[in-house]
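What follows is a single structure, written as structure tokens, with notes after it.
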Amino acid sequence: MPAFAETPLIFDIGQDGRANNYFAEGAPLSDFLPKEALRDELPLPDNSELDVVRHFTRLSQKTFSIDTNFYPLGSCTMKYNPRVNDAMANLPALRDLHPLVPDELAQGALAVMWELEKSLVSLFGMAAFSLNPAAGAHAELTALLIAKKYFKKYGQALTRTTVIVPDTAHGTNPASAAMVGFKVVSLKSDARGRVSVEEIKKAIGPDTAVVMMTNPNTLGLYEDQIKEITDAVHDVGGLMYYDGANANALMGNSRPGDMGFDLMHLNLHKTFSIPHGGGGAGAGPVGVARHLVPFLPTPVVRATNIVSEHEGWRPSDEMTFALDFNREDSIGTMRSFWSNFAHMVRALSYTYANGAEGLTMVSKLAILNANYIRASVKDLIEIPYDEYNRHEFVASAQALKRETGVRALDIGKALLDRGYHAPTVYFPLLVPECLMIEPTETESKETLDGFIAAFREILTAARENPQSIMDAPINTAVKRIDETRAARQPDLRWRPAPK
Amino acid sequence: MPAFAETPLIFDIGQDGRANNYFAEGAPLSDFLPKEALRDELPLPDNSELDVVRHFTRLSQKTFSIDTNFYPLGSCTMKYNPRVNDAMANLPALRDLHPLVPDELAQGALAVMWELEKSLVSLFGMAAFSLNPAAGAHAELTALLIAKKYFKKYGQALTRTTVIVPDTAHGTNPASAAMVGFKVVSLKSDARGRVSVEEIKKAIGPDTAVVMMTNPNTLGLYEDQIKEITDAVHDVGGLMYYDGANANALMGNSRPGDMGFDLMHLNLHKTFSIPHGGGGAGAGPVGVARHLVPFLPTPVVRATNIVSEHEGWRPSDEMTFALDFNREDSIGTMRSFWSNFAHMVRALSYTYANGAEGLTMVSKLAILNANYIRASVKDLIEIPYDEYNRHEFVASAQALKRETGVRALDIGKALLDRGYHAPTVYFPLLVPECLMIEPTETESKETLDGFIAAFREILTAARENPQSIMDAPINTAVKRIDETRAARQPDLRWRPAPK
Amino acid sequence: MLRLIGASSLDELVKVPDAVAIKVPLEVAPALPESELTQRFASFAARVGATDYISFLGAGAYRHYVPPVIATLAMRGEFLTAYTPYQAEVSQGYLQAIYEWQSYIALLTGMDVANASVYDGATALAEGTIMAVNATGRKAVLVSRAVHPNYRAVLQTYADGLDLDVDELPYAAEGTTDLSSIEAALADQRYAAVVLQTPNMFGALDALPSGMAEKIKATGTLVIGVIAEALSLAALATPASWGVDIAVGEGQSFGVSLAYGGPYVGFIACTTEHLRRIPGRLVGKSLDKDGNEAYVLTLQAREQHIRREKATSNICTNQAHCALVATIYLAAMGKTGLRNCASANLKRSRELEKAVTAIDGFTKRFSAPFFNEFAVRVPGGSAGSVLKALQKQGILGGVDLGRWYPELEDTILMTATEVTTDADIKQLVAALQEVRSLAGVR
Amino acid sequence: MLRLIGASSLDELVKVPDAVAIKVPLEVAPALPESELTQRFASFAARVGATDYISFLGAGAYRHYVPPVIATLAMRGEFLTAYTPYQAEVSQGYLQAIYEWQSYIALLTGMDVANASVYDGATALAEGTIMAVNATGRKAVLVSRAVHPNYRAVLQTYADGLDLDVDELPYAAEGTTDLSSIEAALADQRYAAVVLQTPNMFGALDALPSGMAEKIKATGTLVIGVIAEALSLAALATPASWGVDIAVGEGQSFGVSLAYGGPYVGFIACTTEHLRRIPGRLVGKSLDKDGNEAYVLTLQAREQHIRREKATSNICTNQAHCALVATIYLAAMGKTGLRNCASANLKRSRELEKAVTAIDGFTKRFSAPFFNEFAVRVPGGSAGSVLKALQKQGILGGVDLGRWYPELEDTILMTATEVTTDADIKQLVAALQEVRSLAGVR
Ligand SMILES: Cc1ncc(COP(=O)(O)O)c(C=O)c1O
Ligand SMILES: Cc1ncc(COP(=O)(O)O)c(C=O)c1O
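Top line first, the protein sequences correspond to chains A, B, C and D. First residue of the first sequence: 0, per numbering that gives the first Met the number 0; consecutive thereafter. First residue of the second sequence: 0, per numbering that gives the first Met the number 0; consecutive thereafter. First residue of the third sequence: 0, per numbering that gives the first Met the number 0; consecutive thereafter. First residue of the fourth sequence: 0, per numbering that gives the first Met the number 0; consecutive thereafter.
Spelled out as structure tokens, the structure:
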């Protein structure tokens, strides 16, 4: 790393006398409040704006992103984040709107939320969506709270205690179930990498509250018996939950509502092109079938003048809206204020940019790109379920590891050296030495070809010179990091030098 | 360079079918115009927005800037560019204002121009400023056209044919003089690196139109006999021109007007913190003494209701303004429209951020920082004029080159490797193997110390292992470039592959 | 590409069983080219009436001055379009920024450690409560009624999931939490934690009086401190100083846009004792193979992707980018900027207090010292109708506390920050005077 | 620091002779903290009345749709705060972008090479003329009156400096340049160049008819083509195709803000023959020591810092950042975006033409084909009073050509681009009808 990339902590740069002139010098705080109510000192550095700019500019340059590189991180849908979405979210009228303004002064914002909800309703075949939850896991929690309240209402709170999740499920599924006090039962996938109707029938019963699935599942495979599964679960009185993290394969293709799901969430920060921002904020609308609508969290955006027959989108121009907090059966609210609204703007902007046809094409091309990569590497690495996949697929380095010692992790690190993000590794859990690859629809064939070439080169090198792969990365700002040390001797913050 | 930093030309990335959806598909152009008026093909690539983002993001990361690194480029005043200035220039009302709107609908913009002009008038002691010219060189041209017109008006057009420039002058000075048809005479500096009164008296005469100087001069030295010089030039009927590229040493310190200059320019993109943007746009207001006011280029911003006694700034709130095009003696106009207005906003924002006291401190600290570096390196490199300098100083690698073969250029390249921009090299011309260092006031002592340490390390290495310095840079995206090849076989553009 | 894949057509590749194929036309917002899309959203923006109103709204979401440099840096594509920094070797920049955020929150709260963020202030309270529940094994929590009602509502929702009891502490006449019965309440050691907020929902400073934290802890109960106005941390005694075990709060005031309610950024900080119970991500400093300092996500054994149903929380995606905004804000402000800002909030809110209470019939509802908002009792008994009348004059006069507290339907929570101007206050006063005389209220 | 320097105080270090010390108090805009500074500029912005007006202004500065992605990229700090890329090894990014700009301009104009930019369209014309003067050794130039009057004014200013004669070619009834007397004018071989603009000041396409360029060149005279509306290059026959030796113009339409007149970006493109006479910077592709492709400033022997008074121009700082904006704009648009945009301009301007000329008394002034603007003769004889009346209704109806052409004081230049809406045109028509009936004009 050249010297100029060094970035000492912001706390080690600042110095007294370097404050920026943002505000007039204020009176001492003790003019306003008794001394004992005040803190003694504020041990933060004063940094000149130049130093702040240089610091964060350099930090940004040491951060891998979609804007700089290809990011085939399975299950994360790292597609291009169109800048027009940000510009719309930053329109001052929307950006600077206080959440507690009276509804009549927030009509444009409510219209955005309503139009988005209606678009999602049609696109995914649910009766309604709540935009309340802040992310996917938050949405799962919301949905399971809905399920709990639903069963309570119908006197089954004490009997419906189990949530079933396939072994391919994301960790948030069982974790969310646990947060609602459900017992979690894991379901083995069949030889085709899917949930089998037989297995599910064995697993379910009168104690089944919810079965959580995604489709395509996290192996990128379409659950082709999904209707039979949801029917079976409904037959025993359970609810079906759809984890929408994989919805990028589904738009205009098939709808969770039609598959028989009662509950679902979307990761707008995946499917709807909202930037991940280094790990958030996200947005996780929850969709429900008709029987669960009363349980949605508050507030709900309600049209107050024209009530439409249509469930899907139509222009909101002549309509007026209100936030409805007064919903008897609601589970309550999940957050400080209404929704991650700026992201609703982004998601609706994305919807307008594509329309139904465009969104359908998004999913088609996402599937095409993923299949193209699979077909281009399958001669060099094991594809445990080698059939048409959807928007992502899973490879396994198990055989390679046995042969050469090179693991999935090593392949990922070697990709970093070549300018590509590592695939998701070690998830889903059922595939050993798993590499989960999701290219998304926004990448060009040239980019895919570049990645394929690098991937193939690594697989070849792994056999010829395994150490070279196990030593990766070497072109990066730092090399492999001692994670044990990080966990054993936690250093989680800067501390001022003792005086 | 790691693979991910590769940036093929934008023309080699694009492909048909990747167009972004900015506009509805338009009717064929031949619906509107006859075929022969239309071009055959438009050989530009269609690039997806993702590819455009990735391309220019990567290009930006391969670009050295103030925001990433220290930039002690002498004569260029690479100070921090406060972001609030950009935000003010981007206020939609100012950013989207058409230059041909009637004055009464542009009052706020005219007020910005008027307030800036008045601030400059007081700060530099001139009678008036024109904001018309687009950069320093453009301003020089403007000023010399004023001089020409002035002499013409007073019947001396044919006799006043010579412009005198010291040997320390920037190349634009003689080049601008040539563009107004003046004969250029170069003046040797004295042993103290200054223009001597004696020499100037020998050089001037009835043919002298203008003497162009800067103060501090490009050696960073204050012309302490400036008043004697301007008096002498005025005595023979010549005009004095002040090149304001070095005004960052002067604010609140001394004023060209008081020194006796008749004409001057400012590089707002140096002194007034306007970003250089990779080489422009700049802004070069021209200031004049009272006798030259009638000759200023058009338009001039004129107050139409309250006409003030004051020459300096006062609040414009109650005032109304007009663009005045109707000025009999004006040299005419220098550009398509009025001024580089967005930069006037930035410059006025900078003025408001600092006020008179703040600007005075700017110049003091700029001088302090430059002297600190000089004092910290003078034991290792020759300082031809080793006295208190102003905002910059000049070192010479002549002795070092004799000893070791290492040239000023090599030192500059070695600095690049260490994360610092090279100083200005080989200017001013009179110092052999010259390195001109201007740190500006916005850098912290830590940054200066880092630079000093790197500079000293290089000078030491130059003696111990000169080849290591002559091989520099090695940490950069490319190594030294074959400039002869570039000039001999000019490749100045991409061409489509022949079909 | 299809040839290589072996598919005859794109449609073959994406085929689904007939039973689940889409049978109805999709009704989705129609496709617009970008130049028209931007006009569509301009029309949404134009339908936001609040834009030019003078505002005294606060109550958990605050208007503050945000220097342009913040967005310039935070919106850089590398930050905006990165995923969670799982691959540390190529994410050192973002990881360091999160480490700096954790440090800032620890320094501001006085606590030992802070996490990489949770969704918002309300969910921070819910997650903090779960920490306390896990730490104590108790299934009830005692919460002051002066804690933000929305935060309490979210806590209740989470509590319903986990079958926790949420009991309330009343507030006293001065507007602070009434602690007179607390010792009795804690006697049977049912409560995992006592929860207080400062400044509380009425703007009043509401830290525990000295000695009280010790008494609470003596019953095996933890203290959770809530901070809904993060700027107050620049001025007020730290949560650590009044005995908090777990500090939770909302960081919106640190440069994050109001955006009609989100995204904001919740934080959780705690003593070292509770470190391994903290939810969500943590960044630690370690060494790389060559012995260079390096940042990395750590203590992941707490998290759902490793521990699944045994995790400390289900949180995965958090609010990283809002935390980044806040980190850049804090870096740019520094202690001097924050102090000056806090001072201006104190000054402006007192000017507002003086101006409003000088009007006949308008009185302070509570006497406790406040930071930048306070409760005003209006003449006539209806906060709602006063606010409506102000609204007609282009003023958002504050928040009707009757929305959450039936006994306070005559009370408005009014907020002034450093962006409140003299002119704002003057206009409010004029409007209030008019409202009063028009309504004939006394 | 002072100690090391050896100075006793900062004031000692900065002392100047008494004779030139400042003796008066400085009157400069007063220092404001940033939070107040932004309010000050908001008040300037509020004093710009034009903000919400419907506009049909053009005449060398055009309203066009600019995708948000352009500013996102161009405003990245590395681009914004770089100096001229003198140190090529650390400036490959910006150098490549300039090379791409040169390529785009060459492709759009059909010329062999283009420079890295000059100040604006008008100075591009002046500098292009100097190229022709240097190439031919002649000291006069023949310029169409249909070239933008501001461009001609700047040319005149520069010409005064160099003692060049600027003679005029009249325009014909159709609105194009009257070439009937050109052969006579060129006969004595006085002129370095003939200068035409297309679309010209009246919006009319004004390229040389086929065969004419050859005739002009046969007299040793060069042809300079001016493009004031760069978007037209996406549609119209290239300057190269109609025989231009030197193409000069204004790139503002490629994503550069109107900004009350600047900064904009001038371009100069020419045939290889004139390459070494081109002013300003040029970026070339070469190889580095290791044989890798690398970009570098080249042919610097033309420039002032090497050649001083013998340089091809005095230009140093140019408009690099505006050129970068344009480059990003062109990359994002691509040929499809540009074509669609050009098509929309053609369509909208024809809709405007039809709507306006359908009103009794409003007629087309010229018949020649146009791109996105055209001249309208108004009833009553005074373009100025019609425009004033429109202004009262919130409409900027166009540019009064009488400002520059006394014979056209009854003529308005009206512009419609892709951002002109149906509603804009409707409102204009309604207002024009009212204006006409109010004024009783017929
Ligand atoms: C399959 C799946 N489910 C759920 C989630 C959780 O979503 P979030 O991170 O938004 O909480 C993820 C995200 O990584 C996921 O991939
Ligand atoms: C001393 C001096 N004079 C004049 C100029 C020319 O200014 P500009 O580049 O703005 O044309 C410069 C710029 O480098 C300079 O340093």
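Backbone N, C-alpha and C define an ideal beta-carbon position, used for all residues, glycine too.
Task: Cutoff 7 Å: Thr441 (chain B) Cβ touching any chain A Cβ - done: yes
Open item on the list: Tell me the rounded alpha-carbon separation between Ala365 (chain A) and Val324 (chain C).
Closed with: 32 Å
- [ ] For Gln397 (chain B), decide whether its Cβ has a neighbour in chain A, counting only Cβ atoms nearer than 7 Å.
- [x] no
Open item on the list: Ignoring anything shorter than 4 residues, give me the alpha helix (DSSP H) runs that lie fully in the stretch 122 to 205 of chain C, in order along the chain.
Closed with: 148 to 161 and 181 to 185
TODO: Assuming Asp287 (chain C) and Val52 (chain A) form a contact by the criterion Cβ under 8 Å, report the distance between their Cβ atoms to the nearest whole angstrom.
DONE: That belief does not hold up - the Cβ atoms of Asp287 (chain C) and Val52 (chain A) are roughly 27 Å apart, past 8 Å.
TODO: Establish whether the CB of Val477 (chain B) and some CB of chain D are separated by less than 7 Å.
DONE: Answer yes: the Cβ-Cβ gap between Val477 (chain B) and chain D drops below 7 Å somewhere.
TODO: Could you tell me the boundaries of the alpha helix (DSSP H) in which Cys321 (chain D) lies?
DONE: Ala319 to Thr356
- [ ] Compute the minimum distance between the beta carbon of Asn266 (chain A) and the heavy atoms of ligand 1, and state whether it is under 6 Å.
- [x] Set against 6 Å, the gap from the CB of Asn266 (chain A) to the closest heavy atom of ligand 1 is smaller.
Task: Under 8 Å by beta carbon: chain C residues contacting His309 (chain A) - done: Glu26
Open item on the list: Threshold first: 3 residues or longer. Then list the beta strand (DSSP E) segments lying entirely within the stretch 210 to 235 of chain C, N to C.
Closed with: Within the stretch 210 to 235 of chain C, the beta strand (DSSP E) runs of at least 3 residues that lie entirely inside it are, in chain order, 221 to 226.
Task: First and last residue of the uninterrupted alpha helix (DSSP H) at Phe266 (chain D) - done: No alpha helix (DSSP H) contains Phe266 (chain D), which is instead part of the beta strand (DSSP E) from Gly265 to Cys269.
Task: Cβ pair Pro205 (chain B), Leu186 (chain B) closer than 7 Å - done: no
Task: Neighbour list for Ser34 (chain C) in chain B, Cβ cutoff strictly below 7 Å - done: In chain order: Tyr21 and Phe22.
- [ ] State the start and end residues of the unbroken beta strand (DSSP E) segment that holds Glu292 (chain C).
- [x] Glu292 to Leu296
Task: Cα-Cα separation, Val376 (chain B) to Asn464 (chain A) - done: 50 Å
- [ ] Could you please tell me which residues of the stretch 363 to 374 of chain A, in chain order, have their CB closer than 9 Å to any CB of chain C?
- [x] So the list reads Lys363, Leu364, Ile366, Leu367, Asn368, Asn370, Tyr371, Arg373 and Ala374, given in the order they occur along the chain.
TODO: Measuring only between beta-carbons, confirm whether Tyr64 (chain C) sits less than 7 Å from chain G.
DONE: You won't find chain G in this structure, because its protein chains are A, B, C and D.
Open item on the list: Out of C:Ala388, C:Thr419 and C:Thr335, which one is the CA nearest neighbour of Ser436 (chain C)?
Closed with: Ranking the options by Cα distance to Ser436 (chain C), first place goes to C:Ala388.
Open item on the list: So if I measure from each beta-carbon to every heavy atom of ligand 2 and keep distances below 5 Å, which residues remain?
Closed with: B:Ser74, B:Ala134, B:Gly135, B:Ala136, B:His169, B:Thr171, B:Asp242, B:Ala244, B:Asn266, B:Gly281, D:Cys315 and D:Thr316
Open item on the list: Report the start-end ranges of each alpha helix (DSSP H) in the stretch 418 to 464 of chain A that is 4 residues or longer and not cut off at the edges.
Closed with: DSSP runs (the alpha helix (DSSP H)) wholly in the stretch 418 to 464 of chain A: 444 to 463.
Task: Spatial distance of Gly243 (chain B) from Pro262 (chain D) (CA atoms) - done: Approximately 20 Å, taken between the alpha carbons.
Open item on the list: I need the boundaries of the beta strand (DSSP E) containing Glu249 (chain D), first residue and last residue.
Closed with: Ile245 to Glu249
TODO: Compare the Cα-Cα distances from Gln155 (chain C) to each of A:Gly277, A:Ile273 and A:Ser329 and report the closest residue.
DONE: A:Ser329
Open item on the list: Helix, strand or coil, according to DSSP, for His264 (chain A) in the structure here?
Closed with: Correct three-state label for His264 (chain A): strand.
TODO: Please list the residues of the stretch 406 to 421 of chain D that have a C-beta atom closer than 9 Å to any C-beta atom in chain C, keeping them in chain order.
DONE: Glu417, Val418 and Thr420
TODO: Out of B:Asp15, B:Lys412, B:Phe336 and B:Tyr425, state which residue places its alpha-carbon closest to the alpha-carbon of Pro296 (chain B).
DONE: B:Phe336
- [ ] Return the residues of the stretch 47 to 74 of chain D that lie within a Cβ-Cβ distance of less than 7 Å from chain A, sorted by chain order.
- [x] Pro66, Pro67, Val68 and Thr71
- [ ] Select from A:Ala26, A:Ser59, A:Leu49 and A:Asn80 the residue whose C-alpha is nearest the C-alpha of Glu48 (chain B).
- [x] Glu48 (chain B) has its Cα closest to that of A:Asn80, out of A:Ala26, A:Ser59, A:Leu49 and A:Asn80.
- [ ] Can you pull the chain B residues whose beta carbon is under 8 Å from the beta carbon of Gly76 (chain C), in chain order?
- [x] Val52 and Thr56
Task: Expected contact under 8 Å - CB spacing of Ile380 (chain A) and Phe392 (chain A) to nearest Å - done: Wrong, their Cβ atoms sit about 11 Å apart, outside the cutoff.
- [ ] Starting from the beta carbon of Arg499 (chain A), find every residue of chain D whose beta carbon is closer than 8 Å, and list them in chain order.
- [x] Shown here, chain A extends from 0 to 498; a query on residue 499 (chain A) therefore has no answer.
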